[in-house]
Each structure stands twice: as structure tokens, then as C-alpha cells.
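Reading through the C-alpha cells given below for one structure.
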Amino acid sequence: MKVSQVSVLFASATHLSLSAASFDGNINYGSPSPRHTQFGIDVTQVRRRSWKRGNVAFKPDELNFTHGIASGDPWPNSVILWTRIAPSSNSTKNTAPIDGTEPLYSHETKKFVEADPNPICLRWEVFKNGTKSVVSNGTAYTTADIDYTVKIEAKGLKPLTTYNYQFTVCDSNNTSPLGRTKTAPKPDDDISEINLAVFSCSAFFPGYFNVYGNAARKDNHDWVVHLGDYIYEYVYMTIAPAMASTGLIPTSNYCPRIRPGSPLGMTTAKVADNAYRDGYVDFFDTGNTFIGKGPEVATDARKANAVRAYFEWMPIRQTDMDDGLRVWRSFQLGVDYVNNKYIEKISNDPSRTLIGGRQENWFYRSLSESSDRNATWRVIGNQIVFSHIKGDEAGGGDVWDGYIANRNRTLNHLYKNKINNTIFLSGDSHMNWVSDLAWLGTKDYDPKTGEGAIGAEFAGTAVTSWSTSGARLIEPDAGNISRKAIKENKELFWQEGYYRGYFQLSVSREKVSAQFFGSPSIATHNSWEISLANFTVFAGDNHIHRPENGIRVETGALKSGEVKHTNLTLNTETGVWEVRDFDKMYLNAAPDFLSSF
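What follows is the structure in C-alpha cells.
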């Protein structure tokens, strides 16, 4: 099988080359984008500090792997490895916050020349899975300039192969946990199956990241895909005394939000992750300053802070961003609730584009190239629901329904070029949606047989973020909303809005299967999981099917099927199944003024 993950999984990147040999092993000293060199760190200044006499280096026992390890952006012959080695788990204030008229990421000021003169040395090794046979290794240095993070590219690996990896403080026995990663297949590899765990929308304040731990403990996927809202930059309550109740403005404020919990650490240490930038923006004047407390910082500066922090704290490669700092492998959104009526009026405007002209052309070209080389499937990772959904539950004007002309161009390209077996993976709505991919009103479509469809869409709920149909949503209201959605949307097969969770996608030569899982409660740190529903798309069929014995689902609403609440729960830590009752979903209820987050 030739699997083509067109838009998100394997984006091109430029390998980084630094001028100072001592630091060229750490990608984080470079810019997130090769086209925006001003976001890089001046390693000449960093090296100059390290030459000063009288510097006292950290002792190995003073250093800690404060945020675990992670791997990501797998290519056939390499993978990105990440960790943080520091004397404190707190983010350093020396990460060059952009403020006022200070040049972007300037390290020429006295405070940066004098700060942190002692580089920390790490050695990294990649082993054959389950052995200590080293296949790739190297040395990397880090300083407070990049918040003590280390990110390297392990090269010389074999395609579609599982490896272990580990970091060690140089000349010591201070080692990180042992991680596991997996390289990608070559584009034309004939493989039997791949398995993806798909997540989105991980807000810190509603509750615990239990679903990450559940997926890691079950350990039956090859890679993790996070479709967006990996962190949230705003705050509505104080979750813990150690967590500042402020929005994110300087770079150092973003960093603690990137890797806050142990279930997340379990997932990122065991699989290669692909995560994408997306986020809600709670301000309206992009040329002025932010609403709320804190220093007055321009919107563009805050965005640059986020880009830099994301690059330092995620296991990703350099990415060829455009001038708006948009990542080509992802769709990015900004929400403007003030202008909802205006967006509704202009949603059919042919000039209105969700992804921009350059990226739109790249997207269509990638779809065609995948089809021309006879790839069996096109799996498209995209933050927001693509299908036309009546009502506002899926996001209203903030999703593809707000860019009808752009969606029509996409569908036209698929139908005109007879590009079948197209699977959209979506998130952002904080609800579950499963539907055929049909061009309603333009192409004839039969929901019973699927005739007229061109593919399918699987959209997953949030890891933790509150339901978009109401933060206090429970039965029977949750079911009523789902039943209404099924009744009003003929291409929709299943809808569910109560559970927080994720889905696993299995892609083989013959079919694509999606299994949806829910966490029955994120109010406590637990390992419970409920199987919600399963769906299949067969190659060449372009239509959602239920398993042969799949006459029911656990919750939500199902077209031509039964919903039966069993509360049959798996303890992913012990492997024991039992029927359990849960009376509280969220650790923290949403504030009264929030209708959906």
C-alpha cells in the first residue's frame, strides 16, 4: 500500500547549519523558519560568553530532565529528538521576551551577554529497539537562551523502524528516561497498515490530560497526530498556586504551558508526534495592544513569542513559514466573534480563502501528485470540520462553512480529477463528527449507499476543552443536540458532544478504520476509558460503514442505529473492564460567561 498523508504529516524542512561548531548540534538555536533568520539565536554571542574566564559550570547532579523527552517529525531516515536539561523546572527569564521596541530576539544587550555563561552538554544516542546497539549518536549544547531545551535530528535511520533513544549529561551517569520512536515509511513503501492516535484541543484548566496516558498505555499506534490547540494562551482561573493566572505574552510565559503533565509525557516519549499550531485569539485590534493585564505588547510581537516558544519546546523541524508566520503543513485560524454576521455574509465570496493562495495551490498540487502515483489513500490533517454542518455546533463561520467558495474549490478539484479515497481528519469543535465527504447541492448524493461521495471525514473531540454545545452539557441535552444534528445533516453518520477523548485511525491497503474513545471523567487523574464508536471506509467505496456487528454506539446519535449507554469502562493501567458510574466530567466548570471553549 502506498499511503500519502498529504497535508500534515511529512512537511519539508531545511536542515540547520550553525556557525559555532560547539552549538551546531542543537536545532533550537536556529530560526523556526529558514526564511525568517531574525528569529534565530546569535550563537557567536553565546560562544563568546562561554569563553569567559572564571565561569563555573553546572555539576551533573544539579541538572534535571525537567520535562521528560519527546520525538517528532519522523522522516524515513531521520527523526527529531527533544528534551530539556536545567537546574530548575521553571522557564528562564533569559529567553529574550519581545517587549516594546526591543529588536526581535536580540542577544546583544548586557543582560544577555552576562546571563548564563555556562553551556550544558548532553550526549544523545539512538538504539535498535530493545537493545543497546547504537545506530546514531552525537553531542549537543544548550543554554538559557533557548530555555535549556535540546532538539537534534537523529540521522542514518531505516524507514518504518522502531528505535529507542536516550539523553545523558556529558561525562556523567545522569540520564533521561528511555524513549521510543518510529521513522516514517518511504513514500512508495508497500506496507500493510499504519495506526495513528489523533488528538486536539488540550486546555489545561478544565481537567486532566487522561486520554494521552490511556493511548500510551494501550500502545497500539505508530504515531501521534495533534490537530491543533495544543495549548491555550488565555486563562480564566487559577488551577494551581504555581501556575500564573495570566495570559501569555513573553516567551517565558508560553513555555510552562507546552509540557505541563505526565500523561502527555508518556505519549511524547513513546511515539513520534506531529503537532500543529492553532489557537484562539482573544483580542480584536491586531495593530494595537492586548486586552487585560500585563505589559503592552503588540499583537505581532506576541505571535512571534508564541512561534519561538513553540519551536523550542516541540520536537519539530524548521518549517518554511510564509510572511505571516503560517506553517505550511497546517491550516491556521483566528476567531473574531465580533464579526460573525459579517463573516456569514461574505462566506460565499470567491476571493475569501481559508489557507491563502500559495498554500491552496500547494494543497491541490499535493492531492494530484498523490493520486497520480497511485497512492491508495490521501489522509489530510486539518484543524477544523470540513463538511457542511447546519448550526453552530461545529464552529459556524470559523470553520470551512465560513469559507464556502474555498471548500467548493477543494471539492471541485477532488471530483474533477477523480481523486477518491480522501480522508479528512479534523478537530477544534470539541465534539465528535463522522460523515461522508459529499458536495451537497452540486453532486447527487445517496446517504444510504454513499453514491456521489468522494471520501469521508473523522472529526474528534477535545482532550480536555469544554464542549462547544455547553460546558455543563449532560444527558439528555447532549443526546438531543446530537439527534438534531443527525436529522439536519444527511451526510452525517454519528455525532457526540459529551465525552472528552481521541480517536485511533488504522490505515491498510483495503480500508481505513476509526475507533473513538472517551474519558468518562477528567476531574481526577485516572486511567479509565470508554469505547464510544467504530467506523470503516473501504478502498474505492468513499462511504462510512459500521462494523458487521456494530448495531449500536455508546453515546451521541447514530444514523440508522441504536445508542445504548453501558458505561463499560477499561482501566488502561490494569487491563480490567468494569461497569462504572461517573458523576463529574470536568475538574473546573467553565465560567458563566463562556458558552463554548
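For reference, each letter of the sequence shown is one residue, going 1 to 597 in UniProt numbering.
All residues carry an ideal CB built from backbone N, CA and C; glycine is no exception.
Three-way DSSP call (helix, strand, coil) for residue i in this model
i      : result
ASN588 : coil
HIS413 : helix
PHE386 : coil
ARG48  : helix
ALA140 : strand
GLY455 : strand
GLY100 : Bear in mind that a pLDDT of 39 at GLY100, under 50, signals an unreliable position, so the model cannot answer this.
ARG546 : coil
PHE167 : strand
GLY207 : coil
LYS128 : strand
VAL307 : helix
GLY334 : With a pLDDT of only 25 at GLY334, under the threshold of 50, the placement of this residue in the model should not be trusted, and no figure is reported.
PHE58  : coil
ILE69  : strand
THR449 : coil
THR162 : strand
ARG35  : coil
ALA301 : helix
Counted within 10 angstroms of its Cβ, other Cβ atoms place residue i as buried (16 or more) or exposed
i      : result
ASP147 : buried
HIS565 : exposed
THR449 : exposed
LYS59  : exposed
LYS390 : exposed
TYR542 : Reading the sequence as shown, one finds Asn at residue 542 and not Tyr. ASN542 comes out buried.
LYS487 : exposed
HIS107 : Its pLDDT being 46, under 50, HIS107 is placed unreliably by the model, and the measurement read from it follows with that caveat. HIS107 should be labelled buried.
THR574 : exposed
ASN220 : exposed
PRO97  : For PRO97, the pLDDT reaches just 40, beneath the cut-off of 50, and the residue's location in the model is therefore unreliable, although a value from the coordinates is still provided. Flag for PRO97 reads buried.
ALA514 : buried
LYS584 : exposed
ILE454 : buried
VAL399 : buried
ILE249 : Because ILE249 carries a pLDDT of 39, less than 50, the predicted location of this residue cannot be relied on, and no value is offered for it.
ARG580 : exposed
Sheet register partners of residue i (DSSP bridge)
i           : result
ARG500      : SER519
GLN318      : In DSSP, GLN318 forms no bridge with anything.
GLN495      : TRP433, ALA557
THR175      : THR168
TRP400      : None, per the DSSP bridge assignment.
PHE538      : LYS511
ALA154      : VAL79
THR569      : ILE530, GLU578
ALA462      : For ALA462, which the question treats as bridged, DSSP gives no partner whatsoever.
GLU562      : ARG552
residue 612 : Absent from the structure is residue 612, since the part of the chain shown begins at 1 and ends at 597.
ASN64       : ALA86
ARG123      : THR139, THR168
VAL134      : PHE127
LEU425      : GLY381, PHE458
LEU505      : LEU196, ALA514
Residue range of the unbroken alpha helix (DSSP H) whose run includes residue i
i      : result
TYR364 : 357-372
ASN480 : 477-488
Opening and closing residue of the beta strand (DSSP E) in which residue i lies
i      : result
LYS182 : 179-182
TYR212 : Looking at the DSSP string, TYR212 is not in any beta strand (DSSP E); the run it does join, the alpha helix (DSSP H), is 210-218.
GLY30  : From DSSP, GLY30 is part of no beta strand (DSSP E); its letter is neither H nor E.
TRP377 : 377-381
ASN420 : No beta strand (DSSP E) contains ASN420, which DSSP labels as neither H nor E.
PHE199 : 193-199
TRP75  : No beta strand (DSSP E) holds TRP75; DSSP gives it neither H nor E.
HIS226 : 223-226
Given residue i as reference, the closest of the options once Cα atoms are compared
i      : options                        : result
ASN26  : ARG35, LEU122, SER33           : LEU122
ARG378 : ARG509, GLU488, ARG483, TYR212 : ARG509
SER368 : ASN417, GLY402, GLY501, VAL399 : ASN417
LYS158 : PHE386, ILE316, PHE127, ARG308 : PHE127
PHE209 : ASN408, THR468, SER366, TRP528 : TRP528
LEU532 : HIS525, GLY556, HIS545         : GLY556
TYR310 : THR149, ASN480, ALA154         : THR149
THR162 : ASP436, VAL56, ASN77, THR524   : ASN77
TRP466 : GLY130, CYS201, GLY68, CYS170  : CYS201
ARG500 : PHE424, SER429, ALA462, LYS303 : ALA462
SER426 : ASN173, ASN195, PHE199, LEU411 : PHE199
LYS511 : ALA86, THR376, ASN526, ARG217  : THR376
Residue i: CB within 7 angstroms of a non-hydrogen atom of the ligand ADP
i      : result
ASP171 : This structure lacks the ligand ADP, and indeed carries no ligand of any kind.
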